[in-house]
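In this note's numbering, the protein residues as written are 164 to 530. Contents: one structure, followed by commentary.
What follows is the structure in structure tokens.
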């Protein structure tokens, strides 16, 4: 039999390869791939988006935006089609079909696969469904080996998830915890570097691309990176390494502008200062200009609590008002550059209190 796919789109090609791989593991030999949805073979499964397959009912299978997934599967006795609202959805549909066939992926990694033996001609499946939630993903946390992350990215679409979030600009602290063995004196320290982390991120990004997953990035760090202060971890830094001109922008607390307990990631800025907001917003633009693959950028303020600026001007509004003002500035700069990346803002600690003055000028930009 043949598995036909309708375009050279990378996730769609990967979906076809995955379907052949698992049908073969189920005991079906002689399955070939063909790059043509019009292949005349009787015994075939065709993969494509709703548009690719020119489905008569395609108008019923609409997706609100590019982050929505919708799958339609119509296979009888091993012949038919698997389709979706986009290429990622087609991949999700392939795994959904295989799940109906009896396969399971109980955890990331090859040893989490449960594969049954079944003749493809005995498989019949008819599904038309959309997930209950648009955003279904995981975020890097804890202490991580690159192999673990790659296993997770591979596993996500197999269980119906569609997104992965690499926190911070290069996820350094999460890899460093593993490779530098901070909590294990019995192992040799490896001297893991930020460049090592960046190399890992490129590898992960490639695997995200292969599957068409929604790519989330960053989070904390926008309150220090624009000032030339690395935001790679929740760790104390030597104050002597901080640029002298950065102190004027730090939040004033108890009459002093300083790092919050020497931790840059936990240090808020003086958000009533227009120059602070501009520095941060311009940094967002610079970052996205060189990282166009990011689908959703998280823009969070400092971590921690009781660390908002207490200066006279910052007392005139809630932190959430200054936050919205900053987000509107980011949106205006991105719009000028025709950058369509979505922005996630955080409702967290002091930001639980809603703004009383400011409103989002372009709500469609934000999540």
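Note that beta-carbon positions come from the ideal geometry of N, C-alpha and C, so glycine has one too. Being a predicted model, the structure only gives us computed values, none of them experimental.
Residue i: buried (16+ other C-beta within 10 angstroms of its C-beta) or exposed?
{"i": "residue 471", "result": "buried"}
{"i": "residue 330", "result": "buried"}
{"i": "residue 494", "result": "buried"}
{"i": "residue 207", "result": "buried"}
{"i": "residue 213", "result": "buried"}
{"i": "residue 397", "result": "exposed"}
{"i": "residue 409", "result": "buried"}
{"i": "residue 333", "result": "buried"}
{"i": "residue 438", "result": "exposed"}
{"i": "residue 205", "result": "exposed"}
{"i": "residue 280", "result": "exposed"}
{"i": "residue 327", "result": "buried"}
{"i": "residue 423", "result": "buried"}
{"i": "residue 487", "result": "buried"}
{"i": "residue 318", "result": "buried"}
{"i": "residue 264", "result": "buried"}
{"i": "residue 515", "result": "exposed"}
{"i": "residue 271", "result": "buried"}
{"i": "residue 165", "result": "buried"}
{"i": "residue 216", "result": "buried"}
{"i": "residue 246", "result": "buried"}
{"i": "residue 388", "result": "buried"}
{"i": "residue 239", "result": "exposed"}
Identify every residue that forms a DSSP beta bridge with residue i.
{"i": "residue 197", "result": "167"}
{"i": "residue 492", "result": "Beta-bridge pairing links residue 492 to no other residue."}
{"i": "residue 179", "result": "Answer is none; residue 179 lacks a bridge partner."}
{"i": "residue 421", "result": "DSSP lists no partner for residue 421."}
{"i": "residue 507", "result": "461"}
{"i": "residue 297", "result": "The partner list for residue 297 (beta bridge, DSSP) is empty, contrary to what the question assumes."}
{"i": "residue 277", "result": "267"}
{"i": "residue 415", "result": "420"}
{"i": "residue 432", "result": "413"}
{"i": "residue 529", "result": "506"}
With residue i as the anchor, note down where its alpha helix (DSSP H) starts and where it stops.
{"i": "residue 309", "result": "309-318"}
{"i": "residue 453", "result": "437-453"}
{"i": "residue 254", "result": "250-263"}
{"i": "residue 347", "result": "Note, residue 347: premise wrong, no alpha helix (DSSP H); not H, not E."}
{"i": "residue 364", "result": "357-374"}
{"i": "residue 291", "result": "Residue 291 -> not in any alpha helix (DSSP H); beta strand (DSSP E) instead, spanning 288-292."}
Are residue i and residue j closer than 7 Å when you measure CB to CB?
{"i": "residue 370", "j": "residue 316", "result": "yes"}
{"i": "residue 430", "j": "residue 465", "result": "yes"}
{"i": "residue 482", "j": "residue 458", "result": "no"}
{"i": "residue 182", "j": "residue 257", "result": "yes"}
{"i": "residue 394", "j": "residue 440", "result": "no"}
{"i": "residue 283", "j": "residue 241", "result": "yes"}
{"i": "residue 347", "j": "residue 232", "result": "no"}
{"i": "residue 303", "j": "residue 337", "result": "yes"}
{"i": "residue 524", "j": "residue 476", "result": "no"}
{"i": "residue 432", "j": "residue 386", "result": "yes"}
{"i": "residue 390", "j": "residue 463", "result": "no"}
{"i": "residue 377", "j": "residue 168", "result": "no"}
{"i": "residue 255", "j": "residue 320", "result": "yes"}
{"i": "residue 382", "j": "residue 461", "result": "yes"}
{"i": "residue 363", "j": "residue 434", "result": "no"}
{"i": "residue 210", "j": "residue 178", "result": "yes"}
{"i": "residue 489", "j": "residue 506", "result": "no"}
{"i": "residue 267", "j": "residue 234", "result": "no"}
{"i": "residue 367", "j": "residue 278", "result": "no"}
{"i": "residue 496", "j": "residue 444", "result": "yes"}
I need the boundaries of the beta strand (DSSP E) containing residue i, first residue and last residue.
{"i": "residue 212", "result": "207-212"}
{"i": "residue 246", "result": "242-247"}
{"i": "residue 328", "result": "326-330"}
{"i": "residue 457", "result": "Note, residue 457: premise wrong, no beta strand (DSSP E); not H, not E."}
{"i": "residue 237", "result": "234-239"}
{"i": "residue 378", "result": "377-382"}
{"i": "residue 302", "result": "300-302"}
Heavy atom of the ligand SAH less than 6 Å from the Cβ of residue i, yes or no?
{"i": "residue 506", "result": "Although the ligand SAH was asked about, the structure shown includes no ligands whatsoever."}
Check whether the region 414-430 touches the region 352-366, counting contact only when three or more Cβ pairs, one atom from each stretch, lie closer than 8 Å. no
Cβ pair count under 8 Å reaching 3, the region 330-350 against the region 272-289: no
Counting Cβ pairs, one atom from each stretch, are 3 or more of them under 8 Å apart for the region 164-179 and the region 243-255? yes
Across the region 443-453 and the region 502-512, are there enough close Cβ pairs to call them in contact, namely three or more that are closer than 8 Å? yes
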